[in-house]
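J.: Below is one structure. I have some questions about it.
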Amino acid sequence: MQEDNIAIEVKDLKKEFKVSSSGKGILGKLQALFHRRHKVITAVDAINFKIKRGEFVGYVGENGAGKSTTIKMLTGILVPTSGSAEVNGIVPYKNRKKNAAKIGVVFGQRTQLWWDLPVCESFDLLRVIFRVSRFDFNRQMEKLEKALGLKPLLEMPVRKLSLGQRMRCDLAASLIHNPPVLFLDEPTIGLDVLAKENIRNFLSEINREEGTTIILTTHDMNDIEQLCKRLIILEEGRIMFDGETEFLKQKFVHEKVIEVEFHEVGCVIQGIPGVTVVREQGCKKWLTLDNDNSGIGEVIGTIASQYKIKDISVKEPSVESIIRNIYDNRIRLSTP
Amino acid sequence: MNPKLFLKFVSISFQKQVTYRFDCFVGIVNGFLYVFIFTSLWKALYSQFDTTVHNGFTLTAIITYAVLVMAVKISFTMDDSIIYGKVMDGSIAMELIRPTSIFFMNLAENVGHSLFHIMARTVPIVIISIFIFDISIPFEPVRLLAFLFSFLAGYVLISMLNFTAGLLAFWFVEIFPFMLFKYALFTFFAGGIVPIDFFPEFLKPLVNILPFQYMLYFPTVILTGRIPLTEVHSIIIAQLMWILIMGVICSLMWSAGKKKLVIQGG
Ligand SMILES: Nc1ncnc2c1ncn2[C@@H]1O[C@H](COP(=O)(O)OP(=O)(O)OP(=O)(O)O)[C@@H](O)[C@H]1O
Ligand SMILES: [Mg+2]
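Heads up: the sequence lines are chains A and B, in that order. Counting from 1, one number per residue, gives the positions in the first sequence under our numbering. Counting from 337, one number per residue, gives the positions in the second sequence under our numbering.
Below, the structure is given as structure tokens:
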């Protein structure tokens, strides 16, 4: 039994993949014919989380962290190795069809539209598949058409759409039955700035107005910063952070970043207490100060006295830089 | 799955076939060639003997059988690699996220495929054959109705056979050899080459425990009039039983296989 306000509940969810590794060369391949060596990859390693109705959750992590694998389990595509999951109170890998009726899914790298059909016919097929009444369909389409600028695309066959156009259509397709839960796996991949902005506005609107629970996987931290109140960071199949995006920002907001551009390459910064070089690129260096910001002026003074500086600026850390640091293990987090 | 949706997918698949018209022309020639070869062989064989009836078939009966079994077989043309292809390229993921049965979607796709082949190949081949060969089909409305039932049941059985064969994609990277084996088994044991009455005694027990004869042989011999009307119902019941058995096999294989499914990328 599940509480009413919980949209998704995941318990010790685990997925292992067996990868057969054939040896190198002819001999190895022959050997593999008779004696297959399997390597087990744990893509998702016993994770736990609960997502409430109406939440907008960012699900991030480096390539291969296990994000897509999680989403595939929650959408009923993959069967978990162990553990359990419920979406809308339904176990997706046991009741695939029942679950599918109540979720929307976008995989940025694939399309759920019919390649040879005009977009509008794909939509109409989905209307029948999801048993949406014509009345509800027309109302929803009107909204989607406006928000995603679909009008000029409707008559085009899907295979002739550009990536961004296709993505907008796929997003609309996932929402035809107005699902309470929406899974988005890299929906902004390859989109231009404007298209991204439009999609973000649209997502934030349906989250706000329809109360749609949204799980968003992305590598674009601006998506996260603008949309997701909650953030789950995955690393090698394990959750390493689960909390408010704002919490991350607050926690590191003190940690100002100083961007210095020198006139020459190879300037060494040392001997200034509490200063760490976090990134270098050509003549540019990015420095952070530990905790105490009072020393910023002093630090800048010290550097300026040692080297010729072309440009210098002090920045608040962006979610992007925080997360990059988390990926790089520069920052260790304890989950709050 | 609702009938309206089923028909929509049938029509999509049908329209897709229309784009392969040239293949179809080749298919007519090819199908007719088979009919021609088989009927010629039977004629030659029968002329070697003094007796005119072999295993209960007169020359006319055997030629009728040869034409009709080919007609049924061509009507049953479907792409048996659809599921395999979808598992391999991962596009099956996009079907799994919809509240529809993969089997029925596949069936609808097959039906569209077959409908096209019936219109474009079966019908011309049968019409030409009626003029060229000495064929006799008893015209009894009840028999035609029984044939229709038996034909549809046979169709569902073949769909299921192809579906299970396609599901081997969950376990094997390459399933072409299995498909070849399946095709050979099916063509022979379903009576696609020689009617089952001509099989040697020792094969008969095997034939009887396999479902293949219910796919081509029985629908065909119901139509040719070889089966008395009083026995037709028992055949259709047997077909329905096999549909049930194959259905269980399909769903067991599906749930076992799904655990093995991996989708690359995304
Ligand atoms: N079909 C598969 N067979 C074997 N291993 C797989 C398969 N799919 C994923 N993996 C492995 O599981 C791990 C997690 O993959 P997953 O696709 O979930 O990552 P991701 O977080 O979505 O990454 P990305 O940001 O690149 O999309 C990776 O190590 C990957 O190599
Ligand atoms: Mg991914």
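A virtual CB, placed ideally from N, CA and C, is assigned to each residue, including glycine. These numbers come from a predicted model, not from an experiment.
For F17 of chain A, which residues does DSSP report across the bridge?
T.: Sequence index remark: in the first sequence, residue 17 of chain A carries index 17 (1-based). In the DSSP output, where bridge partners are listed per residue, F17 of chain A has A:I41.
J.: Taking CB distances under 8 Å as the criterion, tell me whether L597 of chain B reaches chain A.
T.: Reading the second sequence from its first residue, position 261 is the one you call residue 597 of chain B. Interface residue, yes.
J.: Between the Cα of E55 of chain A and those of A:R96, A:G211, A:I232 and A:E235, spot the shortest distance and give me the residue it belongs to.
T.: Taking the first residue of the first sequence as 1, we reach residue 55 of chain A at position 55. Looking at the Cα atoms, A:G211 is the closest of the given residues.
J.: Strictly below 9 Å CB to CB, what residues from chain B border T288 of chain A?
T.: Indexing the first sequence from 1 puts residue 288 of chain A at position 288. Correct list: empty, because the minimum Cβ distance to chain B is about 35 Å.
J.: Taking only beta-carbon atoms, is K422 of chain B less than 8 Å away from chain A?
T.: For the purposes of this step, residue 422 of chain B is identified with residue 86 of the second sequence, where counting begins at 1. Cβ-Cβ to chain A under 8 Å: no for K422 of chain B.
J.: Could you round the C-beta distance between L78 of chain A and A46 of chain A to whole angstroms and report it? I think they count as a contact, below 8 Å.
T.: The count along the first sequence starts at 1 and reaches residue 78 of chain A at position 78. The count along the first sequence starts at 1 and reaches residue 46 of chain A at position 46. With a Cβ gap of about 16 Å, L78 of chain A and A46 of chain A do not count as contacting.
J.: Out of A:G243, A:C120 and A:P273, state which residue places its alpha-carbon closest to the alpha-carbon of F49 of chain A.
T.: Taking the first sequence and counting its residues from 1, the one referred to as residue 49 of chain A is at position 49. Cα-wise, what sits closest to F49 of chain A is A:G243.
J.: Out of A:P180, A:P92, A:S313 and A:D223, point me to the one whose CA is closest to I296 of chain A's CA.
T.: On the first sequence, residue 296 of chain A is found 296 positions in, with the first residue counted as 1. Looking at the Cα atoms, A:S313 is the closest of the given residues.
J.: List the residues that DSSP assigns as beta-bridge partners of P118 of chain A.
T.: Numbered from 1 along the first sequence, position 118 holds the residue referred to as residue 118 of chain A. A:P157.
J.: Give the residues from the segment 2-20 of chain A that approach chain B closer than 7 Å (Cβ to any Cβ), ordered along the chain.
T.: Cβ contacts with chain B come from F17.
J.: Output yes or no for whether 8 Å exceeds the beta carbon distance between I348 of chain B and K72 of chain A.
T.: Within the second sequence, residue 348 of chain B is the residue found at index 12, counting from 1. Within the first sequence, residue 72 of chain A is the residue found at index 72, counting from 1. For I348 of chain B and K72 of chain A, no; Cβs fall outside 8 Å.
J.: What would DSSP say about H390 of chain B, mapped onto helix, strand or coil?
T.: In the second sequence, counting from the first residue as 1, residue 390 of chain B sits at position 54. If DSSP states are grouped into helix, strand and coil, H390 of chain B belongs with the strands.
J.: Between the segment 237-260 of chain A and chain B, which residues of the former have CB atoms less than 8 Å from a CB of the latter, in chain order?
T.: From the segment 237-260 of chain A, no residue has a Cβ closer than 8 Å to chain B.
J.: Tell me whether F183 of chain A counts as near ligand 1, meaning its Cβ is closer than 7 Å to at least one heavy atom of that ligand.
T.: In the first sequence, the residue the question calls residue 183 of chain A occupies position 183. The answer is no for F183 of chain A.
J.: To the nearest angstrom, how far is the alpha carbon of D415 of chain B from that of T458 of chain B?
T.: Indexing the second sequence from 1 puts residue 415 of chain B at position 79. Indexing the second sequence from 1 puts residue 458 of chain B at position 122. Between D415 of chain B and T458 of chain B, the C-alpha separation is close to 17 Å.
J.: In angstroms with no decimal places, state the Cα-to-Cα distance between F506 of chain B and S427 of chain B.
T.: For this step, residue 506 of chain B is matched to residue 170 along the second sequence. For this step, residue 427 of chain B is matched to residue 91 along the second sequence. Taking the straight line joining both Cα atoms gives about 14 Å.
J.: Under the three-state reduction of DSSP, which class applies to M496 of chain B: helix, strand or coil?
T.: Within the second sequence, the letter at position 160 stands for residue 496 of chain B. Of the three classes helix, strand and coil, the one that applies to M496 of chain B here is helix, per DSSP.
J.: State buried or exposed for I326 of chain A, treating a residue as buried only when at least 16 other CB atoms are found within 10 Å of its CB.
T.: Along the first sequence, read from residue 1 onward, the residue named residue 326 of chain A stands at position 326. So I326 of chain A counts as buried.
J.: Nearest to F467 of chain B by alpha carbon, out of B:I399, B:L481 and B:I454?
T.: For the purposes of this step, residue 467 of chain B is taken as the residue at position 131 of the second sequence. Taking only the C-alpha atoms, the option nearest F467 of chain B is B:I399.
J.: Short check: CB of K282 of chain A to CB of V257 of chain A, under 8 Å?
T.: Taking the first residue of the first sequence as 1, we reach residue 282 of chain A at position 282. Taking the first residue of the first sequence as 1, we reach residue 257 of chain A at position 257. Here residue 282 of chain A is Gly; the residue named in the question, Lys, does not match the sequence. No, the Cβ-Cβ distance between G282 of chain A and V257 of chain A is not below 8 Å.
J.: Is any beta-carbon of chain B found at less than 8 Å from that of S39 of chain A?
T.: Numbered from its first residue, the first sequence carries residue 39 of chain A at position 39. According to the sequence as given, residue 39 of chain A is Lys; it is not Ser. Not closer than 8 Å to any Cβ of chain B, the Cβ of K39 of chain A fails to qualify, so no.
J.: With DSSP collapsed to three states, give me the class of T217 of chain A.
T.: Counting from one through the first sequence, the residue named residue 217 of chain A turns up at place 217. In this structure, T217 of chain A counts as strand in the three-state DSSP scheme.
J.: Going by alpha carbons, who is nearest to F452 of chain B out of B:S437, B:S495, B:I585 and B:F350?
T.: Reading the second sequence from its first residue, position 116 is the one you call residue 452 of chain B. Minimum Cα distance to F452 of chain B is reached at B:F350.
J.: So G104 of chain A is in the beta strand (DSSP E); what residue range does that whole segment cover?
T.: As a working mapping, residue 104 of chain A is identified with position 104 in the first sequence. First-last of the beta strand (DSSP E) with G104 of chain A: I103 to F107.
J.: Should E246 of chain A and T217 of chain A be called a contact, given that it needs their Cβ atoms to be closer than 8 Å?
T.: Counting from 1 along the first sequence, the entry for residue 246 of chain A is found at position 246. Counting from 1 along the first sequence, the entry for residue 217 of chain A is found at position 217. Against a cut-off of 8 Å, the Cβ pair of T217 of chain A and E246 of chain A comes out as no contact.
J.: Expressed to the nearest angstrom, what Euclidean distance is found between the alpha-carbon atoms of T355 of chain B and E209 of chain A?
T.: Here residue 355 of chain B refers to the residue found at position 19 when the second sequence is read from its first residue. Here residue 209 of chain A refers to the residue found at position 209 when the first sequence is read from its first residue. Taking the straight line from one Cα to the other gives about 45 Å.
J.: Answer yes or no: do D170 of chain A and V106 of chain A have a C-beta to C-beta separation smaller than 8 Å?
T.: Here the question's residue 170 of chain A lines up with position 170 in the first sequence. Here the question's residue 106 of chain A lines up with position 106 in the first sequence. Yes, they are a contact pair.
J.: What residues in its chain sit with their C-beta under 8 Å from that of L597 of chain B, if we drop five residues either side in the sequence?
T.: The residue given as residue 597 of chain B occupies position 261 in the second sequence. For L597 of chain B, where only same-chain residues beyond five positions count, the Cβ hits under 8 Å are V423, I428 and F506.
J.: Kindly indicate if chain A contains any beta-carbon less than 8 Å away from that of R357 of chain B.
T.: Along the second sequence, one-based indexing puts residue 357 of chain B at 21. No - not a single Cβ of chain A is within 8 Å of the one on R357 of chain B.
J.: Tell me whether M1 of chain A sits in a helix, a strand or coil according to DSSP, three-state version.
T.: Your numbering for residue 1 of chain A matches position 1 in the first sequence. Here M1 of chain A scores only 48 on pLDDT, less than 50, and its place in the model is too uncertain to base an answer on.
J.: Taking buried to mean at least 16 other C-beta atoms within 10 Å of its own C-beta, is L144 of chain A buried or exposed?
T.: For this step, residue 144 of chain A is matched to residue 144 along the first sequence. It counts as buried.
J.: My understanding is that P157 of chain A touches D116 of chain A, with C-beta atoms under 8 Å, so please give their C-beta distance in whole angstroms.
T.: Position 157 of the first sequence, counting from 1, holds the residue named residue 157 of chain A. Position 116 of the first sequence, counting from 1, holds the residue named residue 116 of chain A. Indeed they touch by this definition, with Cβ atoms about 6 Å apart.
J.: Given T500 of chain B, which residues of its chain have a CB within under 8 Å of its CB, disregarding the five upstream and five downstream residues?
T.: Translated into positions along the second sequence, residue 500 of chain B becomes position 164. Only M582, I585, C586 and M589 meet the Cβ criterion.
J.: Mark R134 of chain A as exposed unless 16 or more other C-beta atoms lie within 10 angstroms of its C-beta, in which case mark it buried.
T.: Along the first sequence, read from residue 1 onward, the residue named residue 134 of chain A stands at position 134. Classification of R134 of chain A: exposed, given that the 10 Å Cβ count is below 16.
J.: Could you tell me the distance, in whole angstroms, from the CA atom of N446 of chain B to the CA atom of I545 of chain B?
T.: Counted from its first residue, the second sequence places residue 446 of chain B at position 110. Counted from its first residue, the second sequence places residue 545 of chain B at position 209. Going from the Cα of N446 of chain B to the Cα of I545 of chain B covers about 26 Å.
J.: Determine, for K352 of chain B, whether the minimum Cβ-Cβ distance to residues of chain A falls below 8 Å.
T.: Looking up residue 352 of chain B in the second sequence gives position 16. True, the Cβ-Cβ gap to chain A drops below 8 Å.
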